[in-house]
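Engineer: Following our numbering, the numbering of the sequence shown begins with 13 at its first residue and continues without gaps.
Beta carbons are placed, not taken as given, at the ideal position from N, Cα and C, and that holds for glycine.
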Amino acid sequence: MYRTHQNSDLTINHLDNHVILSGWVQKVRNKGFIIWVDLRDRYGITQLVFDEERTPKDVFDKANSLNREFVIKVEGKVIERESKNLQIPTGEIEVLVENFEILNESKLPPFTIETETDGGDELRMKYRYLDIRREPVKDKLIFRSQVSMAVRNYLSERNFVEVETPYLIKSTPEGARDFIVPSRMNKGQFYALPQSPQTFKQLLMVGGLERYFQIVKCFRDEDLRADRQPEFTQIDCEMSFVNLEDILQTFEGLTKHLIQTTHNIEIEDFPRMTFDDAMKTYGNDKPDIRFGMKFGELNDVAKHKNFKIFDEAELVVGIAIPGCASYSRKEIDKLINWVKRPQVGAKGMVYVKCNEDGSFKSSVDKFYTQEDLQSWAEKTGAKPGDLIAVLSGDTNSTRAQLSALRMEMAERLGLRKSNEFAPLWVVDFPLLEWDEDTQRYHAMHHPFTSPKAEDEALLETSPGEVRANAYDLVLNGNEIGGGSIRIHDKTMQSRMLELLGFSKEEAQNQFGFLMNAFEYGAPPHGGIAFGLDRLVAILGGQETIRDFIAFPKNNMGRDVMIDAPATLDEEQLKELSLKLDIEE
Ligand code: ASP
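Below, the structure is given as structure tokens:
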């Protein structure tokens, strides 16, 4: 028997019990005549004591060889501690060891296996299995498992069937690059790893399952932006005989349930915002609405006052930054430099200090009267004590720049609280996006998304204006889910592919299987996919997803522990009929 109790179990109620415990040696304090050992397992820590007088001599002598991370099994008696630690559940007792066995020795670990560790990122990733022994990492993996379980329970109770779809497939057109797997048996041919199970879940609807979900790995070979993983997990869902409202209700319910289970917080019905409004009000299609600082468009009141920069701009837009009128010249200059950084890209920034006495002091006092500035304050909702920051230029980039400033200031002012949850639906996305580089339309969501019925006629005249039956679920400034009501009609699907620039032949080649399926009574259907890694991180009150993934890749897409990707030997390449052509 390895254990009668876990290392979190024993309390003052167990005094004099004879117990067996197993685990890792976290710490050894050797005073010569007495040795204390912190014994750790997944559940907690129990203090062991070996004592020259009370422990049998051979056992005491052997205890001198114990070192960090040795795996041991001990037998002994629960006794009361002299100096108690009330921070941990077992802090009032210790186990006086009568006998123990070393189950395995350990090299000295390269970093300390404690909550606060001295190990840097790279080192911890290389020895991830040791990192996972640390409480904060272990707890995040357990938390993730609890969230996944809550998802499974919620959906299963509502008749969703979990179905596994294949990983070795043909390209899915979701806009990113596919990871490719060469086929040995079919020389010169390749599988692609799915960017999502999109077409399969639609085929399951044709297959009559009506409600599907899967917690599934997806793969996208993108240049890695910060905190993205080449393989990530989705909660992928699809439903038949539903309209947009049914889907929003179902998955709003799931999201509420998850916030409720993890934080015991009841969330009101989620607000809904059109894509256009989100862009206009927050400069962003995934607005963080935990705080205000809504955009105030100033074209009406700021143009035609002889200030050339604004006169020439397509958009003049500002936000009121709460309480920052007290900024010094130096602090404002710093802010101006911040918006001018290449990552943000603004050319400059006009500011207005809203003084407590109701007057205004701006960087453009030469051009604007107090009344003018008063109207800026009204449009941006600025109160006395606020600082209005105004950017100008072409609409899209100005909005993006001001959105970056809004988020930055919210961060600095502590307005992005990790224990607050502000979800919303963003709806009415454009169906298509014009791509200057390729000179053609791209599907903003994916090619299977249906246009809004009332916009269908526009497909022939101005496709760029057609809105989609697509929605994103946004939580605290992150897109945590997105989906659409699909096209289920073959003619409409062909028309869509044509608009996206596929020839009849290409369409047949790539999506023939789906369009054939649509000829056999495809039901109306729609769905959504949540990014599980991000969702879990936000629910866990963190910004980064890495610690919620057991074995994450670094930002070069490498697993530094197993050292992947790696080269293949000649034999393997030959078997796959692959020839490398790489310049050294
Ligand atoms: N397959 C889509 C995605 O991965 C989600 C969906 O439309 O259901 O974004």
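Are there 16 or more other CB atoms within 10 angstroms of the CB of Ser415, so buried, or fewer, so exposed?
Structural biologist: buried
Engineer: Can you tell me which of Ile91, Lys39, Ile144, Gly370 puts its alpha carbon nearest to the alpha carbon of Asn25?
Structural biologist: Ile91
Engineer: So, with DSSP's three-state summary, where would you put Lys119?
Structural biologist: coil
Engineer: Ignore the nearest five residues each way along the sequence and tell me which others in Ala440's own chain have a CB closer than 6 angstroms to its CB.
Structural biologist: It should be noted that the sequence gives Asp, not Ala, for residue 440. Excluding positions up to five away in sequence, the list reads Thr286, Phe287, Arg479.
Engineer: Return the chain-ordered list of same chain residues with a C-beta closer than 6 angstroms to the C-beta of Lys315, the five sequence neighbours on each side being excluded.
Structural biologist: Phe322, Asp323
Engineer: Looking only at C-alpha atoms, which of Glu64, Leu33, Gln59 sits nearest to Phe45?
Structural biologist: Glu64
Engineer: Are the CB atoms of Ile144 and Ile100 within a distance shorter than 8 angstroms?
Structural biologist: no
Engineer: Ends of the beta strand (DSSP E) at Lys39?
Structural biologist: 30-42
Engineer: Going by C-alpha distance, which of His500, Met291, Leu60, Ser589 is nearest Glu94?
Structural biologist: Selected option, being the one with the closest Cα: Leu60.
Engineer: Run the CB neighbour count on Arg341, radius 10 Å, all protein chains shown included, and call it buried at 16 or more, exposed below.
Structural biologist: exposed
Engineer: Would you be able to state if there are at least three C-beta pairs under 8 angstroms between the stretch 399-412 and the stretch 234-242?
Structural biologist: no
Engineer: State the DSSP-derived secondary structure class of Gln520, mapped to helix, strand or coil.
Structural biologist: Helix at Gln520.
Engineer: Indicate the three-state DSSP secondary structure (helix, strand or coil) for Asp323 in the structure shown.
Structural biologist: helix
Engineer: Using CA atoms only, rank isn't needed, just tell me which of Lys213, Val163, Ser157, Val362 is closest to Trp388.
Structural biologist: Val362
Engineer: Are Phe123 and Val86 touching if we call contact CB-CB under 8 angstroms?
Structural biologist: no
Engineer: Taking DSSP as the reference, what is the three-state secondary structure of Glu169?
Structural biologist: helix
Engineer: Assuming Leu266 and Val376 are in contact, meaning their beta carbons sit under 8 angstroms apart, how far apart are those beta carbons, in whole angstroms?
Structural biologist: Between Val376 and Leu266 the Cβ distance is about 49 angstroms, and since that is not below 8 angstroms, they are no contact.
Engineer: Identify, in the order they occur along the chain, each residue of the same chain with its Cβ nearer than 6 angstroms to the Cβ of Gly35, setting aside the five sequence neighbours on each side.
Structural biologist: Correct list, in chain order: Asn19, Leu51, Arg52, Asp53.
Engineer: At the level of alpha carbons, what is the spacing between Ile540 and Phe263?
Structural biologist: 8 angstroms
Engineer: If we ignore side chains and look at the alpha-carbon of each, how far apart do Glu420 and Ile279 end up?
Structural biologist: 26 angstroms
Engineer: Across the stretch 170-179 and the stretch 569-580, are there enough close Cβ pairs to call them in contact, namely three or more that are closer than 8 angstroms?
Structural biologist: no
Engineer: Taking 6 angstroms as the limit between beta carbons, can you name the residues of its chain near Ser506, skipping five residues before and five after?
Structural biologist: none
Engineer: Could you pull the start and end residues of the beta strand (DSSP E) that Glu92 belongs to?
Structural biologist: 83-92
Engineer: Looking only at C-alpha atoms, which of Tyr224, Gly330, Gly357 sits nearest to Gly393?
Structural biologist: Gly330
Engineer: Give the DSSP-derived three-state secondary structure of Asp447 in the structure shown.
Structural biologist: strand
Engineer: Does DSSP classify Lys229 as helix, strand or coil?
Structural biologist: It is a strand residue.
Engineer: Assuming Arg546 contacts Asn488 under a Cβ cut-off of 8 angstroms, what Cβ separation, rounded to an integer in Å, is found between them?
Structural biologist: Incorrect: roughly 10 angstroms between the Cβ atoms, too far for contact.
Engineer: As a quick exercise: from His500, Asp559, Glu510, Arg418, pick the residue whose alpha carbon is nearest that of Gly533.
Structural biologist: His500
Engineer: Beta-carbon separation of Met217 and His537 under 8 angstroms?
Structural biologist: Taking C-beta atoms as the reference points, Met217 and His537 count as a pair closer than 8 angstroms.
Engineer: What's the gap between the Cα of Asn281 and the Cα of Leu436?
Structural biologist: Rather than Asn, the amino acid found at residue 281 in this sequence is Asp. Approximately 9 angstroms between the Cα atoms of the pair.
Engineer: Look up Ser374 in the DSSP assignment and give the residues it is bridged to.
Structural biologist: Val364
Engineer: Expressed to the nearest angstrom, what Euclidean distance is found between the alpha-carbon atoms of Asp559 and Arg140?
Structural biologist: 10 angstroms
Engineer: Could you check the C-alpha separation between Ala75 and Val193 for me, to the nearest Å?
Structural biologist: Straight-line spacing of the CA atoms in Ala75 and Val193 works out to 52 angstroms.
Engineer: If we call anything under 8 angstroms between Cβ atoms a contact, is Leu167 one with Phe225?
Structural biologist: Result yes, Cβ atoms of Leu167 and Phe225 sit closer than 8 angstroms.
Engineer: Does the contact criterion of 3 or more C-beta pairs under 8 angstroms hold for the stretch 395-404 versus the stretch 270-279?
Structural biologist: no
Engineer: Would you report the Cα separation of Thr579 and Gly187, rounded to the nearest angstrom?
Structural biologist: 28 angstroms
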